[in-house]
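Top line first, the protein sequences correspond to chains A and B.
With the working numbering applied, the first sequence covers 1 to 457.
With the working numbering applied, the second sequence covers 458 to 876.
Structure, as structure tokens:
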Amino acid sequence: MPIQSRFTAALLPVAMLALLAGLAPAQVAPVAVVGAHIIPITGPEIPRGVLIVHNGKIVAVGDESAVTIPADATRIDAVGKFIMPGLVDTHIHIGGVGGGDRSSTLAPEVRVLDSINVMDSGFRRAVAGGLTTVNIMPGSGHLMSGQTIYTKLRQPGGNPPKRIEDLFIKGDDGKPMWGLKMANGTNMLGEPPFSGTRGKSAALVRERFIKAQEYKAKIAAANGDPEKLPARDLGLEAMVEVLDGKRIVHHHTHRTDDIMTVLRLKKEFGFRVVLHHVSEAWKIADEIAAAKVPVSAIVIDSPGGKLEAADLVIETGGVLEKAGVNVAFHTDDWITDCRLFLRSAGLAVRAGMSRPGALRALTLAGAEMLDLQSRVGSLEAGKDADFIILSADPLSVYAKVEQTWVEGGKVFDRSLESDRLFSTGGFGAGRDQEPYMCCVQGTGFVFGGKQWGTAGQ
Amino acid sequence: MIRTRSVRTLAAAALALVAILPGIALAQVAIKAKTLHTMAGPPITDGVVIIQDGKITAVGPAATTPIPDGLRVLEAAIATPGLIDARCTIGVSGLLNQKQDQDQIERSAPIQPELRAIDAYNPLDPLVGYVRSFGITTINTGHAPGELISGQTALIKLRGTTVDEAVIMAVSGVAATLGPSAQRDSAPGTRAKMVSMLREQLIKARDYQKSLDKAAQPSAPGTDAKPAEPPARDLRLELLAQLLRGEIPLLISANRAQDIASVLRLKEEFGTLRLVLDSGSEAYLLTAELKAAGVPVILHPTMVRAFGEMENMSIETASKLRAAGIDVAIQGGFESYVPKARIVLFEAAIAAANGLSFEEALATITITPARILGVADRIGSLEVGKDGDIALYNGDPFEYTTHCIAVIISGEVMSEKPR
């Protein structure tokens, strides 16, 4: 292109932007939430603070004596309330999510984004519970059940979302951000093509990773020449992203030996991994700390329900914290209810975790496990305006989520009857659908293709 | 109350058996609590409870309730009656969730009221000690919902190595279910069939009772006529006859409003039944009717998942039922997967945060289940003469960060490790 036209070409979009800015409607005024007890997560709690958000971002947060409130700000009086970052759930199954099917136990080509119903009531329960960023996962019935999707529970233009794209979190490369769900232990054992034993599970995974390494090498050897590039393989493409450290593996695992198998495979193939659920992590906290691998733990009211969870304890958060492991919590909705995510922190503190650690486990720790720590997880200037207003201390059973905000927009307001319904439940709040809850079918319990416990509808 | 001779003999034999078993320790201890919730009047500030030989011998303010010398004293911020789980499957649906430890439902027939919880209960299941550590001292455990009549429940204290040491009521209820979870491939395949099968059984039991009554009548004096032969023993009909005589409650699990209405219809037809509504996710739609019929409710766990026939459940239902004057207990229920045992303390806590006052919420897991199940003379409140079952806490028992610091059953300190 001649220089002159290139210059014109470069100028044109700038000119158009300037034009648009002039025609743009007046900017929405900043919002100042005033007088609440603020929990920024990074930094000490502020007994009476001010949070200012504008254009979807946090502009300022601090003690009310230290923060100037813009004259044009819309003020929200929050004296007596508690404010903290919107909760980050690294493991949730809302939206009627589906992943791999029974045709294969390795389904890295499958994307859950192709399955999610954003109008599912689970999304309304989630914001009622104060969740703002969630990693929607396929299940644990496969060694690799599919590609997860990281989402913001936003309402574009103040309207409910219509498609999953409305909830995407775009990375620097413009692509949605997502992970790869893997699992070991017992949930995915079954008849061929599923693995029948733990040894077989690991062998199948290793073989696939080796294929991915070979695929990656072929692409590198082609050096951009389309004639030499291997045929596209959706699954191997995703796994190359895993090998390159661009896509995190979110790995369901319970028993100590299963956890160690994940660490062993990580060592061999070098992928980035978050350990999920980890019922027995408390027994090998030092080993996990030494491996420098983060953990997303589930907090359940009692142990048992399956052999590999027989030693699950609520002390896990505290034990791992003391060992120096980065700990987040998740709901695994509907295994635990996403409306009650705050409970996980309360129970963890009861059982020995520190208050700051438990609150961090609901927010920033999860953000780190999704590579989103620069954007969410704490109340700091420059981060996304994702926050929740609570009626009481987050560790109190009496605390209600009163409001949930995502990117400066309010997505849940308990004072609205239509929203409150999804907080308390009631007529019309549910829907007669089959939720994803490994491994329940009706009142029975199924895994490994077998029926355990009770059968029936 | 008519009993056949053979039933009387059985009862005597059972009593004799209990007498020769090693006795549970009936111990003594004194409790001092900054706030004592007796569930028999307003809470007492600086309260004292004295337990001797396993029974409460004194309750009152410290100033007027001296502690005998030599008695061990335990102190706490808050003390409550030992908590009661009104309906669960702990000890019958085991921790491991394997075929070998799941005895809460038997699928060979839809109506089996003769299946006893005491024949299945495992006091050494780890979940027994686990739930006790939060302050639960008595559970109404046994057969789960999921068959038209699945079997019996039993009231059991969370102690002992054998069920015989721990049981306080061997047959505390018979469990029935209306709704889709009791549907089978054959009968009952529909709601209408379920109700008709139940009615048929209860009518058969009525006839059985008539035969028992006839056999108990002495022959007319001055005649050679022999008294009528008692009917052949039928475990099933015996149980159903006891239900009809109101001796044992019939716990019917029903969630949809239509199924709750069926429960009320059965109550109208068989007025002598002692009916209790179990679960009741849509009970808030029929409060006036439940109140008028005098049917108490053992409500689903507050945190039960809202799908299927529970889809319209609300965490405010307990408060709505209480506002209508209905007796409400909150249960731990049955979970096919996780959490394998719900903790009624946590379930009542959510109810306390959603419309119920502290005392009302505490009642749902103490005195109200005791009353509904007919054991209020023994447990459920801290009163002289009742069992020395107490839970001690270092703060509001409903708060997540509070610990249960001691659990006492019949005066024996079961655990003192803060939980």
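In this text, a Cβ means the ideal position worked out from N, Cα and C, and glycines have one as well.
These numbers were taken from a predicted model, which means no experiment stands behind them.
In the DSSP assignment, the beta strand (DSSP E) including LEU734(B) goes from what residue to what residue?
731-736
Chain A residues whose Cβ lies nearer than 9 Å to that of ARG713(B):
Going along chain A, no residue has its Cβ under 9 Å from ARG713(B), so there is no contact; the nearest lies around 11 Å.
Return the chain-ordered list of same chain residues with a C-beta closer than 8 Å to the C-beta of ASP432(A), the five sequence neighbours on each side being excluded.
Because ASP432(A) carries a pLDDT of 49, less than 50, the predicted location of this residue cannot be relied on, and the following value inherits that uncertainty. Same-chain partners within the cutoff: there are none.
Keeping to the same chain, check which residues put their C-beta closer than 7 Å to that of ASP393(A); ignore five residues upstream and five downstream.
PHE82, ALA399
Between the CA atoms of LEU362(A) and ALA345(A) - distance to the nearest angstrom
7 Å
If the criterion is Cβ atoms closer than 8 Å, does the pair ALA808(B) and THR744(B) meet it?
no
Spatially closest choice to ALA798(B) from ALA534(B), ARG544(B), GLY517(B), GLU532(B), by CA coordinates:
ARG544(B)
Which parts of the stretch 261-347 of chain A are runs of the alpha helix (DSSP H), unbroken and 4 residues or longer, counting only runs that do not cross its ends?
285-290, 316-322
7 Å Cβ cut-off: residues of chain B touching ALA309(A):
VAL795
What are the residues of the stretch 762-787 of chain B that lie near chain A, defined by any Cβ-Cβ distance shorter than 8 Å?
ARG762, ALA763, PHE764, GLY765, MET767, GLU768, ASN769, MET770, SER771, ILE772, GLU773
Could you spell out the range, first to last residue, of the alpha helix (DSSP H) harbouring PHE803(B)?
801-809
Minimum C-alpha distance to ASP560(B) - residue among GLY539(B), ASP582(B), ILE541(B)
ASP582(B)
Which residues of chain B have a Cβ atom closer than 7 Å to the Cβ of ARG414(A), listed in chain order?
By Cβ distance, chain B contributes nothing, its closest Cβ being about 12 Å from ARG414(A), past 7 Å.
C-alpha gap between GLY100(A) and PRO230(A), whole angstroms
24 Å
Test: TYR665(B) CB closer than 8 Å to a CB of chain A
no
When burial is assigned at 16 or more other CB atoms within 10 Å of the CB, is MET458(B) buried or exposed?
Low confidence applies here, because MET458(B) scores a pLDDT of 44, under 50, leaving its location unreliable; read the following figure in that light. Per the 10 Å Cβ criterion, exposed.
Please tell me whether ALA574(B) and THR598(B) are closer than 8 Å, where the distance is taken between their beta carbons.
yes
Listed by chain order, chain A residues near HIS860(B) by CB distance under 8 Å:
ARG350
Chain B residues whose Cβ lies nearer than 9 Å to that of TYR215(A):
What TYR215(A) touches in chain B: nothing, since even the nearest Cβ is about 38 Å away.
Length of the line joining the Cα atoms of ASP332(A) and GLY352(A)
22 Å
Is there a Cβ of chain A sitting closer than 8 Å to that of GLU856(B), yes or no?
yes
Taking the continuous beta strand (DSSP E) assigned at MET654(B), which residues delimit it?
Where MET654(B) is concerned, there is no enclosing beta strand (DSSP E), although the alpha helix (DSSP H) it sits in stretches over 648-673.
Taking all protein chains shown into account, decide if VAL313(A) is buried (16 or more other Cβ within 10 angstroms of its Cβ) or exposed.
buried
Just to check my reading of the structure: LEU421(B) and LEU778(B) have Cβ atoms closer than 8 Å, yes? What is that Cβ distance to the nearest angstrom?
Given a span of 458 to 876 for chain B in the structure shown, any question on residue 421(B) remains unanswerable.
Contact the stretch 102-113 of chain A vs the stretch 62-82 of chain A: 3+ CB pairs below 8 Å:
no
For the beta strand (DSSP E) containing ALA183(A), list its first residue and its last residue.
180-183
Proximal residues to ALA750(B) (C-beta, below 7 Å), its chain only, five neighbours per side dropped:
LEU721, LYS724
Assign SER676(B) to one of three DSSP states: helix, strand, or coil.
coil
Run through DSSP, which three-state label would CYS861(B) get?
strand
If we count the other Cβ atoms within 10 Å of its Cβ and call it buried at 16 or more, is VAL28(A) buried or exposed?
exposed
Any non-hydrogen atom of the ligand COA closer than 7 Å to VAL549(B) Cβ:
Questions concerning the ligand COA fall outside what the structure shown contains, since it holds no ligand whatsoever.
Grouping DSSP H, G and I as helix and E and B as strand, with all else coil, what is TYR741(B)?
helix
Considering Cα atoms alone, identify which of ASP542(B), PRO570(B), LEU612(B) is closest to PHE591(B).
ASP542(B)
When you compare only the Cα positions, how much space is there between PRO25(A) and ASN55(A)?
The predicted model places PRO25(A) with a pLDDT of 40, which falls under 50 and marks its position as unreliable; any figure quoted below should be read in that light. Whole-angstrom Cα-Cα distance: 13 Å.
Through-space distance from ARG828(B) to THR522(B), alpha-carbon basis:
27 Å
Can you pull the chain B residues whose beta carbon is under 8 Å from the beta carbon of VAL397(A), in chain order?
ALA806, ILE807, ALA809, ALA810, PHE855, GLU856, TYR857
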